[in-house]
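As structure tokens, the structure follows; a few thoughts come after it.
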Amino acid sequence: MNRRIYGLETEFGIIWTPDVPRRKTLTVQNVVMYLFREIVAGRMYPDVFLENGARFYQDIGCHPEYATPECDDVAELVAHDKAGERIITRLASTAEKRMHNDGFHGKISIFKNNLDTPGNTYGCHENYLMERHVDFRQLAAQLIPFFVTRQVFAGAGKIKPKHRGYYAISQRAEHIREEISIGTTTARGIINTRDEPHADREKYRRLHVIVGDSNMSEFSTFLKVGTTGIILRMIEDNFIEQRFALRDPVKAIRDISDDITCKHLIELQNGKRLSAVQLQWQYLECAKRYLEQAESDSTTSQIMARWEYVLTCLESDPMQLDRELDWVIKWKWLQAYLTRHGFDWDAPQVKHLDLKYHNVRRNESLYYTLEKRDEIERIVRDEQIQHAEHFPPERTRAKFRGKFIKKVNEGKVLCGVNWSYIQL
């Protein structure tokens, strides 16, 4: 499949902090309802499609979720993912004003991460349209080793309990329990069997990926989605001949996460022992051979070049990637903070800085402070993100959904909207 449809679903964490401790307070559920009030007036449930074709709704628990519109270009997907951050930030500002008028004085903080303070996890789910003819067992066999090792460039980084080595590459890795799973909230799997293509079921399936972290870094998002798209093309064309099956994928995903040197060796079923980076090199070399005889474009070339650059850096010194990869950017800042102030990894101030990295409100975010100082590698321009806040992609059905939503908001038409249909 040369033209693929991509989508991301991001669950956000929320904290409301009163201006004065022990003052009139709110539950997180109350805060979420204030957040949705502007866009779901008159609706029974906090669930709405937006003019840019995206969906904004409350997921399980108290997590607002932003699902991008369908995109057929990875850079465009990055822009729409970032647009979701800006939309929820704007809603938070409006919600604070409403709360103030109702006598609740405080601040809403919104985090694009995967862990709350007690250690519960929430996700960033990736969606890929792919050809139905591929045998699911073959699909899982080829993808599981890729997803297990992809975290070396897609991890968001996290502080671990003191007795476990202080810092890990991935936030989601230790919450993966199975190789393949049906659900997304318990017994989470590396491969999820959920299959709602919102398309011709005879021709297509939707690959629903729940193993990845939420990324602040545009570079990491671009690379994790782009490389996965290339791997899927090779699987659909039955090109991958190597067998990379792992002896224990669930153990491997955790062991890789726990080693920020990226040198840990994992065991394959054939008895070989390779590092995550070495296994990714094998996928990359396979992709190079594939693209010598398959159709390519400029976006694919950019993905391949960045993939090779990252693996080269990871192989020699991962800390070179302190402009590109979330887990490296954050580790270097936390390490510098520890050194400067003499704190331990379990100090509250360090955990606060960790959380601050993922704050999507730009004037409160460590990530956006670094971006403003031009210390972060970008994929898209601010103008592209601003456009994505208000307009859907031009080449997918999201274009028509967005146009109808705009007319609904202008009071010109009444209709029911879903991913698959518009009902007048």
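Numbering (our numbering), first residue to last: 1384 to 1807. The beta carbon of each residue, even a glycine, is placed where N, CA and C say it ideally should be. What you are looking at is a predicted structure, and each value in this text was computed from that prediction instead of being measured.
Leaving out five residues on either side along the sequence, give the residues of the same chain with a beta carbon under 7 Å from the beta carbon of residue i.
i	result
L1657	L1648, I1649 and L1651
V1800	F1432, R1784, F1787 and I1788
R1630	E1650, L1651 and Q1652
L1667	W1690, E1691 and L1694
E1468	K1495 and V1743
In whole angstroms, give me the CA-to-CA distance for residue i and residue j.
i	j	result
E1514	H1773	31 Å
H1581	N1510	11 Å
V1531	A1635	7 Å
I1443	R1672	43 Å
N1792	L1807	14 Å
K1465	Q1554	20 Å
Q1718	I1397	26 Å
H1463	A1771	5 Å
R1696	V1733	Here residue 1696 turns out to be Cys, not Arg, going by the sequence shown. Taking the straight line from one Cα to the other gives about 27 Å.
Q1676	V1743	42 Å
S1699	Q1663	14 Å
S1679	W1802	29 Å
G1725	V1594	35 Å
E1579	Y1804	14 Å
C1445	Q1625	43 Å
L1615	L1512	10 Å
E1747	T1683	35 Å
I1470	A1450	12 Å
P1632	F1536	18 Å
H1558	N1621	31 Å
E1585	I1527	25 Å
E1394	C1507	6 Å
N1497	D1596	7 Å
R1764	Y1417	31 Å
N1484	T1400	16 Å
According to DSSP, simplified to helix, strand and coil, what is residue i?
i	result
M1702	helix
D1430	strand
W1714	helix
F1726	coil
Q1554	coil
M1687	helix
E1453	coil
M1384	coil
F1494	strand
T1500	coil
L1474	helix
L1522	helix
T1393	strand
G1489	strand
L1807	coil
R1469	helix
S1681	helix
K1407	coil
A1582	coil
With respect to the beta strand (DSSP E) encompassing residue i, which residues constitute its N-terminal and C-terminal limits?
i	result
G1538	Careful: G1538 lies outside any beta strand (DSSP E) and carries neither H nor E.
A1450	P1447 to A1450
T1400	G1396 to P1401
Y1511	C1507 to E1514
E1561	E1561 to S1564
G1572	G1572 to N1575
H1591	Y1587 to V1592
I'd like the list of long-range same chain contacts for residue i, defined as Cβ closer than 6 Å, with 5 residues on each side in sequence excluded.
i	result
T1477	E1421
A1551	K1541, K1543, S1640 and D1641
E1707	F1602 and E1760
H1488	D1402
T1576	I1565
K1646	S1658
V1796	K1790
Following the continuous alpha helix (DSSP H) through residue i, name the residue where it begins and the one where it ends.
i	result
Q1412	V1411 to R1420
R1438	From DSSP, R1438 is part of no alpha helix (DSSP H) but of the beta strand (DSSP E) over R1438 to Q1441.
Quick one: what's got a C-beta closer than 8 Å to residue i's C-beta in the same chain, skipping five residues either side?
i	result
M1702	V1711, W1714 and K1715
M1687	I1613, L1667, A1670, K1671 and L1674
I1762	A1458, V1461, E1601, F1602, T1604 and F1605
D1499	G1396 and Y1505
G1548	D1641
E1754	R1761
T1472	I1493, V1743, R1744 and R1745
Uninterrupted beta strand (DSSP E) stretches inside the segment 1598–1667 (no shorter than 3 residues): 1648–1650 and 1656–1658
4-residue-minimum alpha helix (DSSP H) runs that sit fully inside the segment 1733–1804, ordered along the chain: 1749–1755, 1765–1773 and 1781–1792
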